[in-house]
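Student: Residue numbers (the numbering used here): 1 to 131. The C-beta atom is built at its ideal place from N, Cα and C for all residues, glycine as well. Here you go, one structure.
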């Protein structure tokens, strides 16, 4: 799923090409970037066992030195996420997104890094493979 999400972001938001990092970003960035982490995983289980359906929760942090840049890119990412429900995402491996919940959207200033952080906490419900 991470590869599919990265593919969709890069395809839609060129400012983030080569600027998407799992869990942590290298120091010294001047361009806006996105850091993501998975915060929960739920696999759907029936009486027959686990299905090919999952719900993953992620936290996306959009980081930028200028507040306006962060707010603009956060809106683009949010719009992209909201548009994923009901369609396939990805390239080499595709996933069908059944639904997406935006759990929270916040922001804060990171004094140590001297950047504005826009946070999107969301859960994506999807199906992998053929059913």
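(1) Residues in the same chain with beta-carbon distance under 7 Å from residue 131, minus the five sequence neighbours each way, listed in chain order, please.
(2) Output the boundary residues of the beta strand (DSSP E) element that contains residue 99.
(3) Since residue 36 and residue 19 are thought to touch, with beta carbons under 8 Å apart, how far apart are those beta carbons, to the nearest angstrom?
(4) Hey, would you say residue 178 sits closer than 7 Å to residue 116, going by beta carbons?
(5) Please state whether the Cβ-Cβ distance between residue 78 and residue 120 is less than 7 Å.
(6) Count the other CB atoms within 10 Å of the CB of residue 73; is the residue buried (16 or more) or exposed (fewer)?
(7) Measure how close the beta-carbons of residue 133 and residue 89 come, nearest whole angstrom, since I'm counting them as under 8 Å.
(8) Where does the unbroken beta strand (DSSP E) through residue 43 begin, and where does it stop?
Tutor: By the coordinates alone:
(1) Model confidence at residue 131 stands at a pLDDT of 46, short of 50, so the residue's coordinates are unreliable; what they give is reported in the following sentence. 52.
(2) 94-110 is the span of the beta strand (DSSP E), which, as asked, contains residue 99.
(3) Wrong, their Cβ atoms sit about 12 Å apart, outside the cutoff.
(4) Residue 178 is absent from the model: the chain starts at 1 and stops at 131.
(5) yes
(6) buried
(7) As shown, the chain starts at 1 and ends at 131. That puts residue 133 outside it, with no answer to give.
(8) 33-46
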